């Protein structure tokens with residue numbers, strides 16, 4: 047179904063080394079201009095998720111009054127676990143300072159915006175260089191219960207874990223999903 051919906055592109059995927067990904071991440075953290083910080087963090091995320099076999103990062107979504115989704119992934123994976131994530135995965139990127147945690151508004155907005163893809167989306171990822179507030183954690187569970195939609199947050203601690211452990215982007219993502227408090231997949 048995904049190949050019919052998005053076409054069957056056979057692009058050559060570039061695998062980025064962990065060192066290259068770390069450099070992109072550090073560059074995003076150290077940028078001075080907020081707009082540049084955001085663009086660099088999105089670039090890091092596109093390369094990170096695009097290196098997962100079967101994940102196709104779609105061209106930048108068009109900004110409309112209805113959506114502010116940063117990254118849309120067509121999930122064409124033949125991995126049994128990744129197939130459960132649904133044909134579309136949306137990612138909201140937030141390159142915030144640590145003093146500015148991800149609050150419940152960001153979680154709710156990300157879920158609402160992902161709903162424009164209707165039943166094609168089962169997973170929303172909020173990727174941040176900050177951390178999740180307590181109310182944000184509560185909202186991730188509320189979204190799942192009311193919308194059967196998983197919202198996982200990948201925060202600064204998660205990124206450090208990825209860079210310090212011997213795991214691929216795919217293994218990292220699966221690990222984070224499996225640690226989700228309630229098993230939706």
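Numbering (the working numbering), first residue to last: 47 to 231.
We put the beta carbon where it would ideally sit given N, CA and C, even for glycine.
In this text, all values refer to a predicted model and were calculated from it rather than measured experimentally.
Bridge partners of residue 167 according to DSSP: 134. The criterion of a C-beta distance shorter than 9 Å is satisfied by residue 155 and residue 114. In the structure shown, the three-state DSSP call for residue 175 is coil. Taking a C-beta distance under 9 Å as the contact criterion, residue 196 and residue 166 do not qualify as a contact pair.
A straight-line Cα-Cα distance of about 8 Å links residue 70 and residue 87. According to the DSSP assignment, residue 223 belongs to the alpha helix (DSSP H) that extends over 215-224. Considering only 223, 160, 177 and 172, the residue with the shortest C-alpha distance to residue 147 is 177. Looking only at 100, 189, 201 and 131, the smallest Cα-Cα distance to residue 139 is reached by 201. With distances taken between CA atoms, residue 65 lies nearest to 212 out of 212, 224, 78 and 157. By a beta-carbon distance limit of 8 Å, residue 135 contacts residue 171. Their separation comes to about 7 Å. Within the model, the alpha-carbon separation for residue 120 versus residue 144 is close to 30 Å. Residue 117: member of the beta strand (DSSP E) spanning 117-121, first to last residue. Here residue 62 is near residue 94, since their CB atoms are less than 9 Å apart. In the three-state reduction of the DSSP assignment, residue 198 falls in the strand class. For residue 198 and residue 152, the gap between their C-alpha atoms comes out near 12 Å.
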